[in-house]
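Residue numbers (the working numbering): 16 to 382.
The beta-carbon is built from N, C-alpha and C at its ideal position, and this holds for glycine as well.
Everything below concerns the one structure shown next.
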């Protein structure tokens with residue numbers, strides 16, 4: 016029996032050799048001249064590669080069958096990339112645009128849920144193009160808190176999440192106000208056109224999945240290293256990002272994003288002021304490291320949102336980023352970092368008020 020080229024690569028061990036060679040080459044992204052070169056930052060950078068690789072293998076190898084999709088945590092408290100939101104519970108699964116899917120779930124008490132189908136990924140270029148969107152404002156929920164969503168290319172009655180022929184993934188964001196007090200929506204997905212049982216492992220698909228996993232890793236790391244380098248051009252400021260760019264890379268179309276870079280000396284603090292909070296579903300601000308991973312929100316206060324922020328008597332909000340706690344209720348810890356990236360988000364806001372940032376010496380901090 017004649018082997019396909021992919022089967023021959025597996026038999027010869029070339030699939031694995033190529034995988035290892037690709038990983039070695041991708042490591043050069045961490046060594047870029049504009050990236051921080053101290054041992055701490057390098058350690059975080061190489062750890063970042065291992066984390067994104069785990070996510071890549073989940074997407075393209077372990078859970079790559081669109082007939083038997085499995086929702087899994089694509090970003091969590093450890094695996095992070097692209098400025099992951101500490102207030103989000105992220106789930107993802109593979110889909111195919113020529114199938115039909117059904118999500119069943121219970122709504123829970125979490126304030127905001129969004130569903131996004133995507134028609135490309137970072138293995139193919141710098142985009143995760145949206146092919147359909149639905150959020151909790153537009154979902155019919157039964158009196159007992161249950162709901163169903165049909166995902167398909169053809170329009171369906173009731174709750175419908177569109178796809179196109181190019182759709183290949185589903186991304187679900189659930190956004191907390193307070194993780195300790197709210198219950199997430201519990202969701203399951205099934206393909207309505209699936210056979211009874213999965214097919215055995217296909218060597219050709221496995222070979223392709225291993226290559227795509229490293230391509231996704233390289234595309235992801237290169238894209239966000241480019242972003243971090245760009246943000247170094249406006250340190251300690253919080254300008255509005257190109258919103259179309261954010262949508263092309265998988266951003267929620269209901270969110271307005273502000274991305275930037277921060278760098279503070281030991282005796283400096285970054286003050287971020289929001290003059291007025293408009294009507295919105297939520298907003299938040301977070302600190303990340305250079306690699307655009309949110310800092311460790313499990314153990315340190317590195318972000319603040321609409322529900323947790325202290326407001327001034329005039330309704331404005333002042334956020335303080337500093338290495339040590341100056342005694343302000345909206346102090347965010349740098350968690351042992353001297354620099355990094357940062358993000359501000361308006362979620363479902365009727366208008367977008369630009370944050371204002373400035374650096375002061377900590378001994379001049381108003382008491």
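Residue i, DSSP secondary structure in three states
i, result
"residue 40", "helix"
"residue 191", "coil"
"residue 75", "helix"
"residue 379", "helix"
"residue 63", "helix"
"residue 306", "coil"
"residue 180", "coil"
"residue 107", "strand"
"residue 58", "helix"
"residue 119", "strand"
"residue 68", "helix"
"residue 30", "helix"
"residue 45", "helix"
"residue 142", "coil"
Near the ligand PLP: residue i beta-carbon under 7 Å from a heavy atom
i, result
"residue 307", "Of the ligands one can find in the structure shown there are none, so the ligand PLP has no counterpart to examine."
Residue i - containing beta strand (DSSP E), residue span
i, result
"residue 336", "332-337"
"residue 302", "297-302"
"residue 286", "283-289"
"residue 354", "354-362"
"residue 319", "318-320"
"residue 133", "127-133"
"residue 161", "161-167"
"residue 347", "346-348"
Cβ-Cβ separation, residue j to residue i (assumed contact under 8 Å), whole Å
i, j, result
"residue 76", "residue 224", "4 Å"
"residue 297", "residue 320", "6 Å"
"residue 123", "residue 201", "7 Å"
"residue 292", "residue 332", "6 Å"
"residue 87", "residue 108", "7 Å"
"residue 118", "residue 163", "7 Å"
"residue 178", "residue 265", "Actually they are not in contact, since the Cβ atoms of residue 178 and residue 265 sit about 15 Å apart, beyond 8 Å."
"residue 189", "residue 100", "Not a contact, Cβ separation roughly 10 Å."
"residue 132", "residue 182", "5 Å"
"residue 176", "residue 130", "5 Å"
Residue range of the alpha helix (DSSP H) that includes residue i
i, result
"residue 24", "20-27"
Proximity winner among the options, relative to residue i (alpha-carbon distances)
i, options, result
"residue 80", "220, 240 and 241", "220"
"residue 98", "183, 302, 131 and 316", "302"
"residue 340", "161, 372, 130 and 315", "315"
"residue 255", "177, 360, 39 and 65", "360"
"residue 93", "277, 313, 366 and 23", "313"
"residue 40", "60, 65, 139 and 233", "233"
"residue 121", "236, 45 and 151", "151"
"residue 280", "78, 355, 16 and 36", "355"
"residue 317", "326, 337, 325 and 329", "337"
"residue 89", "82, 73 and 273", "73"
"residue 271", "362, 186, 346 and 328", "362"
"residue 365", "294, 380 and 329", "294"
"residue 83", "207, 158 and 140", "207"
Kindly provide the ranges of any beta strand (DSSP E) runs that are 3 or more residues long and lie completely inside the region 192-280, ordered along the chain. Qualifying beta strand (DSSP E) stretches, in chain order: 201-206 and 270-278.
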